[in-house]
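Here the working numbering is used: the first sequence runs in plain steps of one and ends on residue 867. C-beta atoms are modelled at their ideal positions from N, C-alpha and C, and glycine is treated no differently. Okay, so here's the structure we're looking at.
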Amino acid sequence: MNSIIDSRYDPNLFETEIYNKSLVNFKVDLCKNNNNYFSILMPPPNVTGSLHLGHALNCTLQDILVRYNRQKGNDTYWQPGVDHAGIATQIVVEKWLEKQCIDYKSLSNEAFIQKVWEWKRQSSNDIVIQQKALGCSAPWEYSRFTMDEGFIKSVTEAFIILYKDGLIYKANRLVNWDTKLETAISDLEIKNVEENGTLWYINYKIVNKNQYITVATTRPETMFGDVALAVNSNDNRYKDLIGNYAYIPYTNRKIPIIADEHADMEKGSGCVKITPAHDFNDFEVGKRHNLESITILDKHGHLLNNELIPDFIRGLYLKKARKLLVEKLRNDELLVKEEQIKHFVPYGDRSGTVIEPMITEQWFLNAKELSKKAIEAVKTGKIKFYPDKWKNTFFDWMNNIQPWCISRQIKWGHRIPVWYGPNGEIIVARNEEEAIIEAEKLCIDKNKLTKETDVLDTWFSSALWPFATMGWPDKSELLNKYFPTSTIITGFDIIFFWISRMIMMSLYFMKDIPFKDIYIHALVRDDKGQKMSKSKGNVINPLDLMKEFGADALRYTLAFLSVPGRDIKFGRENVKVSRNFITKIWNACRFLQTQNVNFNVNISNIQLKHPIHHWIFSKLREFKIGIESDIKEYRFDYITHRMQVFLRDQFCDFFVEAIKLQNDDNTKNIAGIIYKEFLKLSNPVIPFVTEYLLSIIDNNYSLNPINIEEIEIDINKSEKIDNIIDWIHNVRSIKHEFGKESKEYITVQNNIPNFGEDCNVLIKLAF
RNA sequence: GGUCAUGUAGCUCAGUGGUAGAGCACUACGUUGACAUCGUAGUGGUCGUAGGUUCGAUCCCUAUCGUGACCACCA
101 MNSIIDSRYD PNLFETEIYN KSLVNFKVDL CKNNNNYFSI LMPPPNVTGS
151 LHLGHALNCT LQDILVRYNR QKGNDTYWQP GVDHAGIATQ IVVEKWLEKQ
201 CIDYKSLSNE AFIQKVWEWK RQSSNDIVIQ QKALGCSAPW EYSRFTMDEG
251 FIKSVTEAFI ILYKDGLIYK ANRLVNWDTK LETAISDLEI KNVEENGTLW
301 YINYKIVNKN QYITVATTRP ETMFGDVALA VNSNDNRYKD LIGNYAYIPY
351 TNRKIPIIAD EHADMEKGSG CVKITPAHDF NDFEVGKRHN LESITILDKH
401 GHLLNNELIP DFIRGLYLKK ARKLLVEKLR NDELLVKEEQ IKHFVPYGDR
451 SGTVIEPMIT EQWFLNAKEL SKKAIEAVKT GKIKFYPDKW KNTFFDWMNN
501 IQPWCISRQI KWGHRIPVWY GPNGEIIVAR NEEEAIIEAE KLCIDKNKLT
551 KETDVLDTWF SSALWPFATM GWPDKSELLN KYFPTSTIIT GFDIIFFWIS
601 RMIMMSLYFM KDIPFKDIYI HALVRDDKGQ KMSKSKGNVI NPLDLMKEFG
651 ADALRYTLAF LSVPGRDIKF GRENVKVSRN FITKIWNACR FLQTQNVNFN
701 VNISNIQLKH PIHHWIFSKL REFKIGIESD IKEYRFDYIT HRMQVFLRDQ
751 FCDFFVEAIK LQNDDNTKNI AGIIYKEFLK LSNPVIPFVT EYLLSIIDNN
801 YSLNPINIEE IEIDINKSEK IDNIIDWIHN VRSIKHEFGK ESKEYITVQN
851 NIPNFGEDCN VLIKLAF
């Protein structure tokens, strides 16, 4: 046994060392045949840089489960890895290159991708370093990347199957277009922001009448894509005009005035312009009335340079065109009213630019078809949400699910496994050789094949994470042993992006659910409740905290603050408090060592003589059982409370104090056993300090708790101690309130209850 | 507009159909075998407001106000 009597608690002295020589076997034993398995998928962090506190929370909670299960003897697997994160990473790398004064736009595709890989290596390295510092006990050699070789195979296979089954198709549709990134994005990647805007009332001249009709719009510049004006058929103001035509200002293009329920009599002027190529509602109206769609914007958000657009704004950027157009309308007295309104404007999540609805050719996945079984799986309780309320969010979205636009016009990502023939024939194949063979079969000139340049939405590969990581489409031992996984731990923000899609894909490809429990944890905010962001400057780097207070303190804090269904307000003060608690654990060890406590006495060699012996064992049992139920309920906060109550309020305050009064070897041996058990049971939460202390007090320590059930505990004796403790608190209270000389205090001293001879010595603790 | 949360001590938050809990902060005392990164004790709350159910409500129900998030509209 080594001594720490003269050492203060300093996590920096042992954390790295203890991780490297930890007893925990991170390795996976594929030969082991254990019916009780626990497997968990690490939500792969994006390779966009290093980790923030949200990741630290996510990893901590997973590691607690993993260590707990491993300790319990369950065959445990934790799938680590990182995500290529398409658009997000591409943007980060572009900025990174800019900083180095590299003109990324002039790089060839291949050269750019090379740069991204370079970045990826650094980023994923940093991530793993952070995760290890935090104590994550994952089998790192099983780490996967969503674009590694195996994953490319999985993604290709999944695409091909879905295509052949008719669930993936190519279509010309109105999609959300990001004019900055020049790619389509999905509905989920849009954030609607409320803004002050203007509603312009514009006069359109009616054909063959000396009369105008007033159209209200927030987007006048799109008027050149108008194909109709719609009014409500019940609107007396316009009833007579239905069937007439109107001129689009500054053009001689005539568009019909139609009746459609989409026109709301209460809103604007009651007459709405229909621009199917640049508005989702209008697109629907257009379909209903068989109207054509006229695109007037190019991919960069500039008006087209053609005869549809009046020459004074041809080719101009949207915002500029709008300004000029409004000015001209105003001067020409075609603008009859300008109304300031608040309205929502769609912004791209990643680019921060206004999103334009645009008609383009994209690849879609029929998500509706896949959603049915996924909804069923949650409805029947095969998959459970913790907290339960999130299933409503899940159902809401799943019941209204839209076709998923899976193609992106960016560089970084999985290339869609499609080749085109000279006449646009589509050939879906695993590789070029296969595509050529297929082309020959179809009598397509194989020399004229071109490969699809679009890549897949990053979430397409993430959706395959539960089984692609374990080797799918091949059969593998990992899949065999650890699929479906037990639990997934993640934030609510990716329920739609990720959780629901993994469920759909797993049920489709594996015919089974990907996981049984979904634990949704909180968002980590700063101590004022504000979202942490770089621009606000309130981001806390987990590594800094770990350096100052230790990884254990950070882990303990994150678990402590994890109240289900509530966001975390995180202050560094909390970490300090946790560190203080860990110091207490440390100092308890120091004291026991000064008492020459032997921590390695066999449980069969101690006797429960004194009631306090029964009491401390019954508290240990409560502690152990409590943790077990907390884990089942994912109440990580409760576990930390329990640790405090047991170690501080029960073990230190009474049992250790009792040792000072009743200094026999048997009691000291019990203290050694209890303390050691506390360390083991707390190991999942605070692995570093517990394992270090265990290694100090026992050269051959193990992390497996002893079987307390074997110990016969007399509950009556234990309860007697509870009563004594209540009484002690009472006496102390009186002493402080009235003073040592007071009548009240003397009365108490003269009326000490008879707790039995065996407890007499404890009475001293009261005085 | 729809949905889901949330409102308990100065702060951060637990909790329960039956005399209100923790941590931090604050106050007093304390260096009595580890621990000032500490110990002991204490101050502090009509459990958002108004109704209802109940023998009894902070907890269940209804309404209302405040806060937050998500979804939708996005003329």
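A straight-line Cα-Cα distance of about 11 Å links Tyr486 and Phe592. Burial state of Arg601 is buried, judged by a 10 Å Cβ sphere holding 16 or more other Cβ atoms. The shortest C-alpha to C-alpha distance from Thr790 to any of Lys776, Thr314, Phe259 is the one to Lys776.
At least 8 Å separates the beta-carbon of Pro664 from that of Tyr608. For Met458, no alpha helix (DSSP H) run applies; the uninterrupted beta strand (DSSP E) run containing it begins and ends at 455-465, by DSSP. With contacts defined by Cβ atoms closer than 8 Å, Phe596 and Leu288 form a contacting pair.
Secondary structure of Ser139 (DSSP, three-state): strand. Counting other Cβ atoms within 10 Å of its Cβ, Thr553 stays below 16 and is therefore classed as exposed. Using a Cβ distance threshold of 8 Å, Glu673 and Gln509 do not count as a contacting pair. Here Tyr845 is not bridged, per DSSP, to any residue. Burial state of Ile527 is buried, judged by a 10 Å Cβ sphere holding 16 or more other Cβ atoms.
The three-state secondary structure of Tyr350, taken from DSSP, is coil. According to the DSSP assignment, Asp652 belongs to the alpha helix (DSSP H) that extends over 651-660.
Collapsing the DSSP output to three states places Gly521 in coil.
Within the same chain, Asp730 come within 6 Å of Tyr738 by CB-CB distance, once the 5 residues on both sides are set aside. By the Cβ-count criterion, His836 is exposed, with fewer than 16 other Cβ atoms from all chains shown falling within 10 Å of its own Cβ. Non-local beta-carbon contacts of Met458 in its own chain, meaning distances under 6 Å to residues more than five positions away in sequence, involve Trp277 in chain order. C-alpha of Trp715 to C-alpha of Val624: approximately 39 Å in a straight line. Within the same chain, and ignoring the five residues on either side of Arg748 in sequence, the residues whose Cβ sits closer than 8 Å to its Cβ are Phe681, Lys684. If the five residues before and after Asp379 are omitted, its C-beta is found closer than 7 Å to the C-beta atoms of Pro457, all from its own chain and listed in chain order. The C-alpha of His362 is placed about 38 Å away from the C-alpha of Ser561.
In the structure shown, the three-state DSSP call for Tyr338 is coil. For Ser633, the three-state secondary structure derived from DSSP is coil.
Within the same chain, and ignoring the five residues on either side of Gln762 in sequence, the residues whose Cβ sits closer than 6 Å to its Cβ are Val861.
The beta carbons of Pro144 and Ala651 sit about 21 Å from each other, so the pair does not count as a contact at 8 Å. With fewer than 16 neighbouring CB atoms inside 10 Å of its own CB, Asn547 falls in the exposed class. Contact between Ile808 and Arg721 holds: CB atoms are separated by about 5 Å, below the 8 Å threshold. With contacts defined by Cβ atoms closer than 8 Å, Phe615 and Ile815 do not form a contacting pair. His829 is classed as exposed because its beta carbon has fewer than 16 other beta carbons within 10 Å across all chains shown. According to the DSSP assignment, Arg666 belongs to no alpha helix (DSSP H), since it is labelled neither H nor E. Lys479 has its alpha-carbon roughly 12 Å from the corresponding atom of Trp490.
The alpha-carbon separation between Ile342 and Val385 amounts to approximately 15 Å. Look at Ser704 here: in three-state DSSP terms it is helix. Counting only runs of at least 4 residues, the region 704-757 fully encloses the following alpha helix (DSSP H) elements, listed from N- to C-terminal order: 711-733, 736-744. Three or more pairs of CB atoms, one per stretch, sit closer than 8 Å, so the region 179-191 contacts the region 511-519. Taken through DSSP and simplified to helix, strand or coil, Ala563 comes out as coil.
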